[in-house]
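> Submitted below is the structure of interest, expressed as structure tokens.
Okay, structure coming up:
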């Protein structure tokens, strides 16, 4: 099973383009974390950034620490390379890391697998109910399936934890307003 997963991940990694601009998301800063601003999305085809080695490497199960896997998966997801992000994130040794679960949810949702994404978000919140970025993305997922009440519930939960001034509250509130205007 492990070998088959590794083959699938490496096959997906081989399809990485040479360069892409890194992108960032609400509540989380610069991606990739290497020195000199290097990120996974700037590595050569089939590689991800290893912050310990400070160079691009071919991803393999157990080779990268969870932080590097998270950063690589985050960078790929924010660059719109969702299936590649999923392939990298599944390499995480800690399958219960809410950050990993969040970006698995995000990547599946943006790949059109909203129901799968919802499952990852719910699992992340089971582990860390105060992770408001997950709540923002979960609210957006509810809007994608037409569940306004579900999105509003997540907005209330964010408000309870961080108030109306947080970035996550503002982002989800804006999405709900757009949904209501459409």
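Residue numbers (our numbering): 486 to 667. Don't be surprised by glycine CBs; every beta carbon is placed ideally from N, CA and C. Keep in mind that this is a model prediction, so the values were computed, not measured.
Do residue 549 and residue 576 have their C-beta atoms within less than 8 Å of each other?
Yes, the pair counts as a contact, with Cβ atoms nearer than the cut-off.
> Let me know the secondary structure DSSP gives residue 535 once reduced to three states.
Three-state result, residue 535: strand.
> Any idea if residue 642 is buried or exposed, counting beta-carbon neighbours within 10 angstroms, 16 or more meaning buried?
Buried, by the Cβ-count rule.
> Tell me, which residues are paired with residue 542 by DSSP?
According to DSSP, which records beta bridges pairwise, residue 542 is partnered with 533.
> Once the 5 residues before and after residue 660 are set aside, which same chain residues still bring their CB inside 8 Å of it?
Around residue 660: 624, 625, 628, 636.
> Between residue 533 and residue 611, what straight-line distance do the alpha-carbon atoms span, to the nearest angstrom?
Rounded to the nearest angstrom, the two C-alpha atoms are 29 Å apart.
> So residue 640 packs on residue 657, CB below 8 Å; how close in whole Å?
The Cβ separation is near 5 Å, so the contact holds.
> Does residue 623 come out as helix, strand or coil in the three-state DSSP assignment?
Helix at residue 623.
> Give me, in chain order, the residues of the same chain whose beta-carbon lies closer than 6 Å to that of residue 608; leave out the 5 immediate sequence neighbours on both sides.
Excluding sequence neighbours, residue 608 sits near 586.
> Excluding sequence positions up to five away, which residues of its chain have a Cβ less than 6 Å from the Cβ of residue 620?
Cβ neighbours of residue 620 beyond the five flanking positions: 639, 642, 643.
> Output needed for residue 521: all residues of its chain with C-beta closer than 7 Å, excluding positions within five of it in sequence on either side, in chain order.
In this prediction, residue 521 has a pLDDT of 43, which is less than 50 and means its spatial position is unreliable; nothing more can be read from the coordinates.
> Within 10 angstroms of the Cβ of residue 667, are there 16 or more other Cβ atoms? Answer buried if so, exposed if not.
Exposed, because fewer than 16 other Cβ atoms sit within 10 Å of the Cβ of residue 667.
> Let me know if residue 600 comes out buried or exposed under the rule of 16 or more other beta-carbons within 10 Å of its beta-carbon.
So residue 600 counts as exposed.
> If you reduce the DSSP assignment to three classes, tell me which class residue 611 lands in.
Note: residue 611 maps to helix in three-state DSSP.
> If residue 613 sits next to residue 646, beta carbons under 8 Å apart, how far is it from one beta carbon to the other, in whole angstroms?
Their Cβ separation, rounded to whole angstroms, is 11 Å, which puts residue 613 and residue 646 out of contact at 8 Å.
> Where does the unbroken alpha helix (DSSP H) through residue 645 begin, and where does it stop?
From DSSP, the alpha helix (DSSP H) with residue 645 extends over 633-647.
> Can you grab the Cα-Cα spacing for the pair residue 617 / residue 653, in whole Å?
One C-alpha to the other measures close to 7 Å.
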